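Beneath this line is the structure, given in structure tokens, with notes to follow.
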Amino acid sequence: MEYTILILLLPFLSFLLLGIAGKWFSHRAAGLIGTCCLAVVTILSYMTAYDFFTMPRTAEGVIEAMPPVVNFTWLPFFAEGLKFEMGILLDPISVMMLIVISTVSFMVHIYSFGYMHGERGFQRYYAFLSLFTMSMLGLVVATNIFQMYLFWELVGVSSYLLIGFYYTSPAAIAASKKAFIVTRFADMFFLIGILIYGYYCGTFSFDFAGEARGFAAGGFMLPTALLLMFIGGAGKSAMFPLHIWLPDAMEGPTPVSALIHAATMVVAGVFQIARLFPLWIQYAPDTLHIVAWVGAFTAFYAASVACVQSDIKRVLAFSTISQIAFMMVALGVCTEITTGHEHPGSLGYMASMFHLFTHAMFKALLFLGAGCIIHAVHSNEMSAMGGLRKYMPITHITFLIACLAISGIPPFSGFFSKDEILTACFAYSPAMGWIMTAIAGMTAFYMFRLYYGIFWGTENKQLHAEHTPHEAPLTMTVPLMVLALITIFCGWALNFGSYVSADGRDYQIHLDWSVAGTSIVVAIVAIALATFIYARDKQPVADKLASQFSSLHKWAYHRFYMDEVYQFITHRIIFAHISKPIAWFDRHVVDGFFNFLAWGTNALGFEIRGLQSGSVQKYAFVFLLGALLLLFIMII
Amino acid sequence: MNFLSLFVLIPLLMLLGLWLARGLKGVRTVMVIGSSALLLLAAWLTVTFLSDRAAGLDAEMLYTASFTWFEPLHIKYSVGVDGISVAMLLLSSIIVFTGTFASWQLKPLTKEYFLWFTLLSLGVFGFFISVDMFMMFMFYEIALIPMYLLIGVWGSGKKEYAAMKLTLMLMGGSAFLMCGIFGIFYGAGGQTMNVVDIANHTGGAHPIDFAQQCIWFPLTFIGFGVLGALFPFHTWSPDGHASAPTAVSMLHAGVLMKLGGYGCFRIAMYLMPEATNELGWIFLILTGISVVYGAFSACVQTDLKYINAYSSVSHCGLVLFAILMVNQTAATGAVLQMLSHGLMTALFFALIGMIYGRTHTRDIRELNGLMRIMPFLSVCYVIAGLANLGLPGLSGFVAEMTIFVGSFQNADTFHRVLTIAACTSIVITAVYILRLVGKILYGTCTNEHHLKLTDATWDERLSVICLIVAVAGLGLAPLWVSNMVSGGVAPIIEHIGHGVSSCNPFI
Chain A
776 MEYTILILLL PFLSFLLLGI AGKWFSHRAA GLIGTCCLAV VTILSYMTAY
826 DFFTMPRTAE GVIEAMPPVV NFTWLPFFAE GLKFEMGILL DPISVMMLIV
876 ISTVSFMVHI YSFGYMHGER GFQRYYAFLS LFTMSMLGLV VATNIFQMYL
926 FWELVGVSSY LLIGFYYTSP AAIAASKKAF IVTRFADMFF LIGILIYGYY
976 CGTFSFDFAG EARGFAAGGF MLPTALLLMF IGGAGKSAMF PLHIWLPDAM
1026 EGPTPVSALI HAATMVVAGV FQIARLFPLW IQYAPDTLHI VAWVGAFTAF
1076 YAASVACVQS DIKRVLAFST ISQIAFMMVA LGVCTEITTG HEHPGSLGYM
1126 ASMFHLFTHA MFKALLFLGA GCIIHAVHSN EMSAMGGLRK YMPITHITFL
1176 IACLAISGIP PFSGFFSKDE ILTACFAYSP AMGWIMTAIA GMTAFYMFRL
1226 YYGIFWGTEN KQLHAEHTPH EAPLTMTVPL MVLALITIFC GWALNFGSYV
1276 SADGRDYQIH LDWSVAGTSI VVAIVAIALA TFIYARDKQP VADKLASQFS
1326 SLHKWAYHRF YMDEVYQFIT HRIIFAHISK PIAWFDRHVV DGFFNFLAWG
1376 TNALGFEIRG LQSGSVQKYA FVFLLGALLL LFIMII
Chain B
33 MNFLSLFVLI PLLMLLGLWL ARGLKGVRTV MVIGSSALLL LAAWLTVTFL
83 SDRAAGLDAE MLYTASFTWF EPLHIKYSVG VDGISVAMLL LSSIIVFTGT
133 FASWQLKPLT KEYFLWFTLL SLGVFGFFIS VDMFMMFMFY EIALIPMYLL
183 IGVWGSGKKE YAAMKLTLML MGGSAFLMCG IFGIFYGAGG QTMNVVDIAN
233 HTGGAHPIDF AQQCIWFPLT FIGFGVLGAL FPFHTWSPDG HASAPTAVSM
283 LHAGVLMKLG GYGCFRIAMY LMPEATNELG WIFLILTGIS VVYGAFSACV
333 QTDLKYINAY SSVSHCGLVL FAILMVNQTA ATGAVLQMLS HGLMTALFFA
383 LIGMIYGRTH TRDIRELNGL MRIMPFLSVC YVIAGLANLG LPGLSGFVAE
433 MTIFVGSFQN ADTFHRVLTI AACTSIVITA VYILRLVGKI LYGTCTNEHH
483 LKLTDATWDE RLSVICLIVA VAGLGLAPLW VSNMVSGGVA PIIEHIGHGV
533 SSCNPFI
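Line by line, the protein sequences are chains A and B. Counting in the working numbering, the first sequence runs from 776 upward without gaps. Counting in the working numbering, the second sequence runs from 33 upward without gaps.
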């Protein structure tokens, strides 16, 4: 499918055009260029998906990865087997990601027309969106780990540029810097992992079957390399303790949060593990359990913080962290690669990808809905909201659909994917299963707390007196409706397992009713609890709980002071105790030595210049002394 | 007459032209014609070189020519180029061309300024085309002396101190160097000064004794290392760069510092392979320190030029670090890093000069919100910053990745641990670059004097855009440069071979 290369080229061209010549375009023209490009990319992605999944399967019913459509050496490394290639690899997960990215990105492009209307730097905004889309698409179709790393860095930079879009606001500047540096720190481990991987296995390629000899030679260094790469993935996917950048990243424009910090870039870490999954499962199954437990802890941590945040985008950010952790857990609980219902050990892989797909849609929907709300009330704080359901009916309904989906209520998409994850967890260990079920309950609770806080409860009359909230324009509501439709239908209408599974075979999704029933009950109880506490005008229970457990509430509200820990490490330790002393040492010791040398030469010259006094008597005296000395030496 | 000599002849003609030129217009005309001619010549040389290599000319040095200059010491004027020097010549000509436009508005004494500037570039070009040790040394000195006057007369801040310090430290380095060069000359039999002859034991040269190598290797390596900002001999760099006028900083950080790395590789390591294997680890540790230490120092500086100077210490440290890894990939990466660092640091210094020319301050605590006031310069500054921290698609990424992959191919733990340590610099680089960008470009401008400042003029734009195109070109399509450079690196690395040091306590 040679046309697939256009999927990467078009957004890149659009970025160049808008980036270089953007200021000569009107807002409308710039937006149209970006959006049209994305429309073409979306169509091409769907064509690719159609062509790919309708290809004949092998005799065992396996969907095979195509040999790379394009693959060329971009940078040679002059060592055997090592070269930096660029190409396009189509296999079930990369094709699925193409669909996710292009769909969400296209929706965000349309939505931004309304949301960013009249903003300064509108052209720049679309240029960055194009850059991001190109990098993200390049990341998922990478044919080797180095190409992935290249685009990985590029998405990091586009995220940096977009978070810092409002570059005059100090909060945005700080947030963009933080996001970049934290992920860069994680990327360093990724890079080291790649180096180890390349050295021991002698390849960077994703052709695992073809290079099997190299992997066996890796020994225990291969799990090490994979773990280091996972740290890189954990940075991008905001796993504890590298999650701190994501909540702050909400300073960027809301559509950007929807695209980058909810649907696509933050799942790159999950995608990375899925991409290297054959290696994990074959050579490092024990290390994979670390992934599961890191994920489980992150899911719990983020869910508990999300329960008490008051900024709606922060709630959504923590919910994103928690949901991505669900995907990580699902990958981590895999123990084997063969599928079939008698082997639930590889169910997690499919479940994780399925959840990635559904989550991208409903989380983008939630963020875009939040964007409409922020657009209407000009604030992120829940205190400014309440009672909005009558002003914004479309936003209200679509937001509710997304909330139900994320809580795991059938027939919305989230139910199906989360149920598969829980089944996989129970198959791994009952403890993990119950933990994740409980966290799923917390999810339903905080999402409905958010929902009631925004659309029910008391109106903020004081604020609305100046400015009545209104429904968003059509450019913003149409994407909401499209995503809501996907959320309603894709869970049961799409047979996801037949396209994506650990070994490429058709995997028929069966609902395990013992698990599904439990999770539905838990979700309904949690929603009922949230309704009981938050749906009323006044919230006596919530206030009482908050005051009763005030210290816990305070800790959770401040995200367990993780940011302060980082502040301490960077400012107090790195800046004050490493950088400053080094700079001082350089100026005073190293440079001081050379200055001393110069001064010493100077001073010595000053001292001995007295010898050249110009008085003949003195010269004669010294001459005589020298002659006597020589005579003396010669005699002895 | 060999056409490579044009690289020396054109600057000589430019000197003559400048001497005869009348008025500002005449000076500018001479400079534009001369530097464009050099740029075209370098581009033409690159194309010819690539096609000749493709046609199967596989001698180590192409287009060689030799004339006896001083018989008793066997000093010859010998020229020749391989992949490395072609890359360096191309880099130098780009920097000279853009440097001319970056100092378009320079006053006073424009004519004298350009005279020294041209003399400086003459030295640089001469150095890269020479294959005779003595000629290299002579051109090196020619490049060094004008620096003193350029900084002392046209500089800013503590310029006399900085000029004195820079010149004295580099002179100290060349004292070491001269001892080293004569040591090599006599050690190899005292029959030839030609680098290729000495290395291959032809033309009357015989192998240098191992014991002698162990003396001359450190001398030459330190001698060139001073210029390549080897820790702890790098302290001329922050002061020198901070005081130098824009184009001089560009040329100095962009090209002159590369003379150090080039010399270390071509003379110190190539001619004394056994000593390189035996003693290289000491310098490897020093360069490893440079890489991390420079980056950490840059984090807390408050002067724009100091930040960039320390960043150069870190990046040039990586060059020396990579060549000491003695493998083809890393050494290719080192040359790519020279190119990349040369281009982006020149871009940085050009932009800093332009900002300083408007605001009259380089203190980052006094600058803020420049993005709104001078969008063009600010956007270019961000691009330069991103290139510096290794954004894919710009040159830094290509060079750094080649270096890291290459360095990691060494079989022993010592080299690999150092590589991992050097990898940390990519994070620290991000810290200081983003801190800088966030402080001076973003935010709102609070200084009302800065509100009325104007954006770049056409000559400044031309200079900056040329550099950005070069940086992006190298970053997007690195294959041909990489292949060209590695063709030059391969014989040298093969010659040095791989030996295990007997005195390295870490192995």
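In this text, a Cβ means the ideal position worked out from N, Cα and C, and glycines have one as well. Being a predicted model, the structure only gives us computed values, none of them experimental.
Does the Cβ-Cβ distance between residue i and residue j come in under 8 Å?
{"i": "Asp335/B", "j": "Ala274/B", "result": "yes"}
{"i": "Ala1259/A", "j": "Thr1173/A", "result": "yes"}
{"i": "Gly968/A", "j": "Ala1013/A", "result": "no"}
{"i": "Val726/A", "j": "Ala1215/A", "result": "The structure shown does not extend to residue 726/A, since chain A spans only 776 to 1411, so no value can be given for it."}
{"i": "Met1251/A", "j": "Tyr890/A", "result": "yes"}
{"i": "Ile299/B", "j": "Thr252/B", "result": "yes"}
{"i": "Ala53/B", "j": "Lys143/B", "result": "yes"}
In the DSSP output, which residue or residues are listed as bridge partners for residue i?
{"i": "Met861/A", "result": "Phe847/A"}
{"i": "Phe102/B", "result": "Ile107/B"}
{"i": "Ala1156/A", "result": "Residue identity differs from the one stated: residue 1156/A is Glu in this sequence, not Ala. Answer by DSSP bridge pairing, in chain order: Asp1086/A."}
{"i": "Ser980/A", "result": "Asn919/A"}
{"i": "Ala854/A", "result": "Leu857/A"}
{"i": "Asp271/B", "result": "DSSP, once it has assigned bridges, lists no residue as partnering Asp271/B."}
Do you know whose CA, among the options, lies nearest residue i's CA?
{"i": "Gly1027/A", "options": "Phe1052/A, Arg1089/A and Trp1055/A", "result": "Arg1089/A"}
{"i": "Ile524/B", "options": "Val111/B, Ile355/B, Gly312/B and Ile216/B", "result": "Ile355/B"}
{"i": "Met23/B", "options": "Leu1386/A, Asp1366/A, Ser1097/A and Glu1382/A", "result": "Nothing about residue 23/B can be reported from this structure: the residues present for chain B run from 33 to 539 only."}
{"i": "Ile948/A", "options": "Ala522/B, Leu468/B and Ala341/B", "result": "Leu468/B"}
{"i": "Cys477/B", "options": "Arg397/B, Leu508/B and Ala134/B", "result": "Arg397/B"}
{"i": "Leu283/B", "options": "Asn226/B, Ser206/B and Ile183/B", "result": "Ile183/B"}
{"i": "Met179/B", "options": "Ala195/B, Lys191/B and Asp164/B", "result": "Ala195/B"}
{"i": "Leu1054/A", "options": "Phe979/A, Pro831/A and Leu813/A", "result": "Phe979/A"}
{"i": "Ala1291/A", "options": "Tyr1227/A, Pro1254/A, Ile1263/A and Met1211/A", "result": "Met1211/A"}
{"i": "Met433/B", "options": "Leu925/A, Ala1395/A, Met996/A and Gly1232/A", "result": "Leu925/A"}
{"i": "Gly794/A", "options": "Pro407/B, Gly115/B, Gln369/B and Trp268/B", "result": "Pro407/B"}
{"i": "Ile863/A", "options": "Cys812/A, Ile780/A and Ile808/A", "result": "Ile780/A"}
{"i": "Ile782/A", "options": "Thr829/A, Gly896/A, Ser905/A and Leu857/A", "result": "Ser905/A"}
Once DSSP output is grouped into helix, strand and coil, what is the label at residue i?
{"i": "Gly204/B", "result": "helix"}
{"i": "Tyr1166/A", "result": "coil"}
{"i": "Ser1388/A", "result": "coil"}
{"i": "Asn1370/A", "result": "helix"}
{"i": "Thr96/B", "result": "strand"}
{"i": "Asp114/B", "result": "coil"}
{"i": "Phe800/A", "result": "coil"}
{"i": "Asp1061/A", "result": "helix"}
{"i": "Ala91/B", "result": "coil"}
{"i": "Ala1247/A", "result": "coil"}
{"i": "Asp164/B", "result": "strand"}
{"i": "Asp1281/A", "result": "coil"}
{"i": "Asp962/A", "result": "helix"}
{"i": "Asp335/B", "result": "strand"}
{"i": "Asp1023/A", "result": "helix"}
{"i": "Asp866/A", "result": "coil"}
{"i": "Asp1287/A", "result": "coil"}
{"i": "Asp487/B", "result": "coil"}
What ranges does the beta strand (DSSP E) occupy inside the stretch 420 to 465 of chain B, keeping only unbroken runs of at least 3 residues that lie completely in it? none
Tell me the start and end of each unbroken beta strand (DSSP E) in the stretch 191 to 265 of chain B that is at least 3 residues and wholly inside, in chain order. The qualifying runs do not exist here; there are none.
Jot down the residue ranges of each uninterrupted alpha helix (DSSP H) in the stretch 1283 to 1368 of chain A, minimum 4 residues, whole runs only, in chain order. 1288 to 1309, 1315 to 1323, 1325 to 1332, 1337 to 1342 and 1355 to 1360
Whole beta strand (DSSP E) runs in the stretch 891 to 920 of chain A with 3 or more residues, listed along the chain? none
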